[in-house]
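Encoded as structure tokens, the structure appears first; notes follow it.
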Amino acid sequence: MAFAVLVTGCGWLIAGRASPVNHGVTPDVRGNPLLGLWVFANFPAAILFLNAFGKLGSEAQYFFCVFAHWFVLGLLPAWLLGQARAAARQLSG
Numbered sequence: 421m422a423f424a425v426l427v428t429g430c431g432w433l434i435a436g437r438a439s440p441v442n443h444g445v446t447p448d449v450r451g452n453p454l455l456g457l458w459v460f461a462n463f464p465a466a467i468l469f470l471n472a473f474g475k476l477g478s479e480a481q482y483f484f485c486v487f488a489h490w491f492v493l494g495l496l497p498a499w500l501l502g503q504a505r506a507a508a509r510q511l512s513g
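Written out as structure tokens, the structure is:
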């Protein structure tokens, strides 16, 4: 969950209109290559957003979809880490 919060927060700084980096101006992909990478990495979240809220959804709803996207993606590494820790405990004890 912390991973999803961190990625969503960093994404808000890069792509959010109200973020301190963008000063209330909608960011442009052509002027910011990092934003282009953000859009590419969050394409599934954008599809979820459009299906759930439509084109007129708010920025908060978009970042909720981004959070959900990264939360699901973070479950696999978290599970693998838990399995590795359990295996290490069995070997040491």
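My numbering numbers the first residue of the sequence shown as 421 and each following residue consecutively. Glycine included, each C-beta is placed from N, C-alpha and C at the ideal position.
The beta carbon of L433 lies closer than 6 Å to those of S439 and V441 in the same chain, with the five residues before and after it left out. In terms of CA proximity to V492, A465 leads the group L511, L454 and A465. In this model, G477 and Q503 are separated by some 39 Å (Cα to Cα).
Distance between G494 and H443, taken at the CA atoms: about 30 Å. Secondary structure of L476 (DSSP, three-state): coil. Put simply, the backbone Cα of G431 is about 19 Å away from that of F473.
Linking A480 to P497 through their CA atoms gives a straight-line distance of about 26 Å. Annotated three-state conformation of V445 is coil, per DSSP. Annotation for A461: the continuous alpha helix (DSSP H) segment containing it runs P453 to A461.
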